[in-house]
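Note that UniProt numbering gives residue 124 to position 124 of the sequence shown, counting from 1, and the numbers run on in steps of one.
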Amino acid sequence: MPESPATPLRLTADAWESLFRAQVAVMRRLRRDPSFAALAIGEYDVLFNLSRCPTGWTRLNELNSHLLISQPSLSRMAERLEHKGLIQRRQAPDDQRGVLLALTDEGRRLQREIGSAHVRSIHALLGPLLNEEEMEQLLALTSKIRAGLEDDGGTHPSM
């Protein structure tokens, strides 16, 4: 991929490394957060993403596109969450191989409970580090990155 004249290669690498290391540092702190005593952070992420489904139901493979785990790992996690009574699964009506997932009432209650505490923890962690303007810049930059990556349809630039 040719180097952009506006962004030197080394700066891109340094910015990526900084973003990645910041995310690692934040996630390490959040994993120790007592709000995740009832449910692991990865399991909470599944409940959170299911809570954002407009119809309440989503396909397993669609949910997987929002997570950083493999489809087989998500399938096993979905089984555990179903066993705990937090999600429900059913066959997709238009595809006998497809699986649909949704929160149960208990899953929705737990997601809201953990989510509320989780947001307060994030604010306590990041609030003292970034002022409102910086937080808005961070949101704008990370949103721009995500939008640019989602717009390309998952293709990768040639190397």
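Every residue, glycine too, gets a C-beta built ideally from N, C-alpha and C. Predicted model only: the values in this text are computed from it and were never measured.
Please work out which residues of its chain come closer than 7 angstroms, Cβ to Cβ, to residue i, disregarding the five sequence neighbours upstream and downstream, and give them in chain order.
{"i": "V26", "result": "L125"}
{"i": "E134", "result": "none"}
{"i": "E106", "result": "G85, L86"}
Excluding five sequence neighbours on each side, which residues of the same chain lie with their C-beta closer than 6 angstroms to the C-beta of residue i?
{"i": "T155", "result": "Summary for T155: the model assigns pLDDT 45, below 50, so the residue's position carries little reliability; its value from the coordinates is reported in the next sentence. Within the same chain, T155 has no close Cβ partners at all."}
{"i": "D33", "result": "S121"}
Tell whether a beta-carbon distance below 8 angstroms holds between residue i and residue j.
{"i": "L30", "j": "S116", "result": "no"}
{"i": "L141", "j": "L130", "result": "no"}
{"i": "H118", "j": "S35", "result": "yes"}
{"i": "A78", "j": "R90", "result": "no"}
Tell me, to the nearest whole angstrom, how far the beta carbon of residue i is from that of residue j; I am working on the premise that it is less than 8 angstroms.
{"i": "A92", "j": "R59", "result": "6 angstroms"}
Closer than 8 angstroms by C-beta to residue i: which residues in its own chain qualify, once you throw out the five before and the five after it? Chain order, please.
{"i": "T55", "result": "none"}
{"i": "L11", "result": "none"}
Can you check the UniProt domain "HTH marR-type" (16-147) for any alpha helix (DSSP H) of at least 4 residues that lies completely inside it and give the ranges in chain order?
Within the UniProt domain "HTH marR-type" (16-147), the complete alpha helix (DSSP H) runs of at least 4 residues are 41-51, 60-64, 71-83, 105-126.
Three or more C-beta pairs below 8 angstroms linking the segment 35-51 and the segment 109-124
Taking 8 angstroms as the limit for Cβ pairs, the verdict is that the segment 109-124 does touch the segment 35-51.
Does the pairing of the segment 99-106 with the segment 59-69 give three or more beta-carbon distances under 8 angstroms?
yes
Are the segment 15-25 and the segment 68-75 in contact at 8 angstroms, needing three or more beta carbon pairs?
With the cut-off at 8 angstroms, the segment 15-25 and the segment 68-75 do not touch.
Any chance the segment 80-89 sits against the segment 30-46, with 3 or more Cβ pairs inside 8 angstroms?
yes
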